[in-house]
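Take a look at the structure set out below.
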Amino acid sequence: MRDERLMRLALFIPCYVDTLFPQAGQATVQVLRRLGHELHYPAEQTCCGQMHVNTGYQREAIPLVRNFVRAFGAYDRVVAPSASCVGEVREIYPRLARLARDPALVEAVDALVPRVHELTSFLVEELGVEDVGAYFPHRVTFHPTCHSQRVLHIGDSPQRLLGRVRGIELVPLPDAQECCGFGGTFSVKNADTSSAMLASKVARVLETGAEVCAAADNSCLMHIGGALHRQRTGVRTLHVAEILASTEARPWRQA
Amino acid sequence: MSGGTPRARPFERAAHEALQDVQLRRNLAKATSAIREKRALATGELPDWQALREAGRAIKAHTVANLDHYLMRLEQSVLARGGQVHWARDAAEANSIVQTLVTATGAREAIKVKSLTTDEIGLNDALASIGVHALETDLAELIVQLAHEPSSHILVPAIHKNRSEIRELFLRSMGLKASELSDAPSDLAAAARRFLRGKFLSATVGISGANFAVADTGAVCVVESEGNGRMCTTLPQTLITVMGIEKVVPSWRAMEVFLQLLPRSSTAERMNPYTSFWTGVRHGDGPQAFHLVLLDNGRSDVLASEDRRQTLYCIRCSACLNTCPVYARVGGHAYGSHYPGPIGAILTPQLVDTPEADTLPFASTLCGACYEVCPVKIDIPSVLLDLRHRAVERRRLHRGRLAALDTEDGAMRLAAGIFAQPHRYRWVQRWARLVQRPFVKDGYVERLPGYLGGWTRTRDLPAVAGTTFREWWLEGGDDG
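If you're matching them up, the sequences are chains A and B in order.
Following the numbering used here, the numbering of the first sequence begins with 9 at its first residue and continues without gaps.
Following the numbering used here, the numbering of the second sequence begins with 12 at its first residue and continues without gaps.
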């Protein structure tokens, strides 16, 4: 078997993580380095185009597919702390490449797509690691995001990783599988319905008495966290990577 | 008198109104969560449930891909058993066929089995226009008919009403005194039964839809829970069935699969109480005239699109409605169609060509819960994406050069142009960090203008970080 540590591993840090949640990207770096991986960050990367596709602007997303292939085509594995953007790449890119009617792009996308992984499933399924040496002495509830469950089918990888974190008190989230109501531009086009869904999710999170609501995707967390902050609930959101990055030597601290 | 016609409005506006209705919210949340739990039990107890779903999808895919063949075969089988077959291109043709058939019998009243297809074509109104009253005999369908409201659910049309609302309606429309009727479900059902019994015995024309029709034998199938369907299809002298062309199945073997999938998915029952089959006519037993109206009404256009064809696999179980977190909050009327919920969001805009219908594919977070429960594995999120794309392209075509003035269209083009060039993206990040300054409080933005204002009405938005990930990485990416 090939030593996974010799592979060329690239980080895909989606645009909103790069811009709004850099700490989730930094935590991803810390966890993977702690496991002995050398990381590359292709500077050409921008956005996967999910917002465009989900809003109906598929043609506009095609140049972004090209840019993604340009940025990541040369790497053995690509890892991102986002189930949603990886889902976009794995499930939608092959369709977009065909929509572009460009055989070279179709070939490049088909070759690249199986090498693109969501962080937690990469750790558990590809690297076979569950204990990453983390320490996080807080009460946490976990929201399994829709795209991680029903598009990527990453199963319980995040929970298995969290289960091995020392000091953590994990509390189950009632109605966990129900969508938080984000849905990208749905949250502004159908703001009222989105807010009604979010109200239920926030109520469930508060019921748990957790200090932290965690997920494997900052997009859903931006939505849930946006309401938790607006309502001054005193509950915060954290990407799973941030919990996994926290150690006894260097525990997580609120910024 | 007929059930109401759904009011076509942009989804977001209709949803906004529905969300204010506290009673509706409560009724829906209660009903959908109860049926969701029951359904999970009913499907979970079958070890081969996933294989059944695969089989259901495969049969539908095969049939729909060879629809012309199976429809011709169905026609031959029905004719051979003494039935008659009529082909209707659209709603107007179908209504006119049924009007002619009913007129020929001289009947002034017809009794109906609950049927989405006849709702779709507005048959009750068409019959009313020639002086024929079409009476709904399914309890929930009767409730919405008496209330002059459209149905709000494909299986439970009155899901938006609770029992005290139904009691008031019955008191009003059946001429009962308050002391004669409680709001106990058994009392309400008994009142409806008394109201309907005389109609069943006197009606000479029955009208139904069809859940399935077997091409090999010409047997038509209706699946129901109350026995009203059995009455409507056996007691009258004339039976008229209006069926969407996608409801044909090749042979009886297919029924083995669908009669397991449908009841467990829809009512969470192992077997539904009444499964009626009839094949042509039999002298001296049941209706002496049987007419099968095969309705296209846009279906062959759906068939033409390879990506969207799977929409026609639907067996109308309503599991997607009961599972959808959007439906559970806004209810069926917000969809402005007899087909609400996720399946309606993909079916309606393919059957109805209006700007309002084109807002329906956006009535979803793409959470995928509908796809997960669909008994014939229709990839609803994928069809939603396809229809969103079509809606955008249509809007552009319609507006021509004015499309450039559309806020969303302009913003999406601009964003694509920025993201396609890494240096532009970096420049915009820096620019956004500067201009946001006056609006940031404790790391969050609390109010945004225009399109994005929908977000900040109920949610804060994190501010652009002081150091982006990229900047941190380029500064050495030092995590120590």
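For each residue, glycine too, the CB sits at the ideal point set by N, CA and C.
Endpoints, the beta strand (DSSP E) within which residue i is located
| i | result |
| --- | --- |
| GLY234(A) | Per DSSP, GLY234(A) belongs to no beta strand (DSSP E); it is in the alpha helix (DSSP H), 226-238. |
| ARG468(B) | Premise fails: ARG468(B) is in no beta strand (DSSP E) and is neither H nor E. |
| LEU371(B) | It is not in any beta strand (DSSP E) - LEU371(B) carries neither H nor E in the DSSP assignment. |
| THR249(B) | 249-255 |
| ARG85(A) | 85-88 |
| ILE218(B) | 216-219 |
| TYR285(B) | 285-290 |
| HIS97(B) | 95-99 |
| VAL114(A) | Unbroken run through VAL114(A) is the alpha helix (DSSP H), 111-120; no beta strand (DSSP E). |
Boundaries (first-last residue) of the alpha helix (DSSP H) holding residue i
| i | result |
| --- | --- |
| ARG36(B) | 33-55 |
| ALA142(A) | Note, ALA142(A): premise wrong, no alpha helix (DSSP H); not H, not E. |
| ILE122(B) | ILE122(B) -> not in any alpha helix (DSSP H); beta strand (DSSP E) instead, spanning 120-123. |
| VAL179(A) | No alpha helix (DSSP H) holds VAL179(A); the beta strand (DSSP E) holding it covers 177-179. |
| PHE301(B) | Premise fails: PHE301(B) lies in the beta strand (DSSP E), 300-306, not in any alpha helix (DSSP H). |
Cβ-based burial, residue i [other Cβ within 10 Å; buried from 16]
| i | result |
| --- | --- |
| GLY136(A) | exposed |
| MET230(A) | buried |
| LEU52(B) | exposed |
| ASP118(A) | exposed |
| ASP397(B) | buried |
| GLN500(B) | Residue 500(B) cannot be examined here, being either before or after the span of chain B that is shown, 12 to 491. |
| MET282(B) | exposed |
| ARG327(B) | buried |
| LYS9(B) | For residue 9(B) there is no data in the structure shown, the boundaries of chain B being 12 and 491. |
| TRP483(B) | buried |
| VAL39(A) | buried |
| THR43(B) | buried |
| LEU408(B) | exposed |
| ASP101(B) | exposed |
| GLY209(B) | exposed |
| ARG183(B) | exposed |
Separation of residue j from residue i, as counted between CA atoms
| i | j | result |
| --- | --- | --- |
| LEU272(B) | THR286(B) | 14 Å |
| ALA476(B) | GLY454(B) | 8 Å |
| ARG320(B) | ILE389(B) | 10 Å |
| ALA207(A) | ARG244(A) | 16 Å |
| VAL304(B) | ASN135(B) | 15 Å |
| PRO102(A) | SER329(B) | 31 Å |
| THR129(B) | LEU425(B) | 46 Å |
| GLN31(A) | PRO259(A) | 14 Å |
| ARG41(A) | GLN34(A) | 11 Å |
| PHE29(A) | PHE480(B) | 8 Å |
| ALA45(B) | THR216(A) | 23 Å |
| ARG18(B) | HIS349(B) | 10 Å |
| LYS258(B) | VAL231(B) | 10 Å |
| ALA108(A) | LEU181(A) | 42 Å |
| LEU192(B) | SER163(B) | 25 Å |
| GLU152(B) | ALA203(B) | 11 Å |
| VAL143(B) | ALA189(B) | 31 Å |
| GLU419(B) | GLY95(A) | 24 Å |
| MET205(A) | ILE232(A) | 10 Å |
| SER202(A) | SER375(B) | 9 Å |
| ILE21(A) | TYR49(A) | 8 Å |
Closest residue to residue i among the options (Cα-Cα distance)
| i | options | result |
| --- | --- | --- |
| GLU52(A) | HIS45(A), GLY81(A) and GLN34(A) | GLY81(A) |
| PRO122(A) | VAL87(A), LEU47(A) and VAL248(A) | VAL87(A) |
| ASP237(A) | ILE251(A), GLU256(A), ALA257(A) and VAL213(A) | The sequence as given places His at residue 237(A); Asp does not occur at that position. Nearest of ILE251(A), GLU256(A), ALA257(A) and VAL213(A) to HIS237(A), Cα basis: VAL213(A). |
| VAL25(A) | LEU246(A), ILE176(A), ARG261(A) and PRO166(A) | LEU246(A) |
| CYS325(B) | ALA474(B), ARG410(B), CYS243(B) and VAL384(B) | VAL384(B) |
| LEU314(B) | HIS73(B), ASN222(B) and THR467(B) | HIS73(B) |
| LEU112(B) | VAL439(B), SER316(B), LEU138(B) and ASP194(B) | LEU138(B) |
| VAL124(A) | LEU169(A), ALA112(A), GLY233(A) and LEU160(A) | LEU160(A) |
| ARG444(B) | PRO473(B), GLY238(B) and GLU160(B) | PRO473(B) |
| ARG174(B) | THR228(B), SER197(B), ALA29(B) and GLN156(B) | SER197(B) |
| VAL403(B) | ARG119(B), ALA427(B), PHE373(B) and HIS159(B) | PHE373(B) |
| ASP200(A) | ALA25(B), THR114(B) and GLN61(B) | ALA25(B) |
| MET220(B) | ARG241(B), LEU395(B) and ILE391(B) | Note on residue identity: the sequence assigns Gly, not Met, to residue 220(B). With distances taken between Cα atoms, GLY220(B) lies closest to ARG241(B). |
Under 7 Å from the C-beta of residue i: neighbouring residues of chain D
| i | result |
| --- | --- |
| ARG109(A) | The structure shown contains no chain D; its protein chains are A and B. |
Review point. Do the segment 347-359 of chain B and the segment 55-65 of chain A touch if we need at least three Cβ pairs shorter than 8 Å?
Key: no
**Study point:** Validate contact between the segment 406-425 of chain B and the segment 378-385 of chain B using beta carbons, cut 8 Å, 3 pairs
**Key:** no
Point to revise | Stretch-stretch touch, CB-based, cutoff 8 Å, three pairs: the segment 139-148 of chain B with the segment 118-125 of chain B | key: yes
Review point. Between the segment 181-193 of chain A and the segment 151-158 of chain A, are three or more C-beta pairs nearer than 8 Å?
Key: yes
Practice item. Please confirm if the segment 84-94 of chain B is in contact with the segment 292-306 of chain B, defined as three or more CB-CB distances below 8 Å between the two stretches. Key: yes
**Study point:** Any 3 or more C-beta pairs closer than 8 Å across the segment 214-224 of chain B and the segment 242-251 of chain B
**Key:** yes
Review point. Is there contact between the segment 464-473 of chain B and the segment 421-440 of chain B, where contact requires at least three CB pairs shorter than 8 Å?
Key: no
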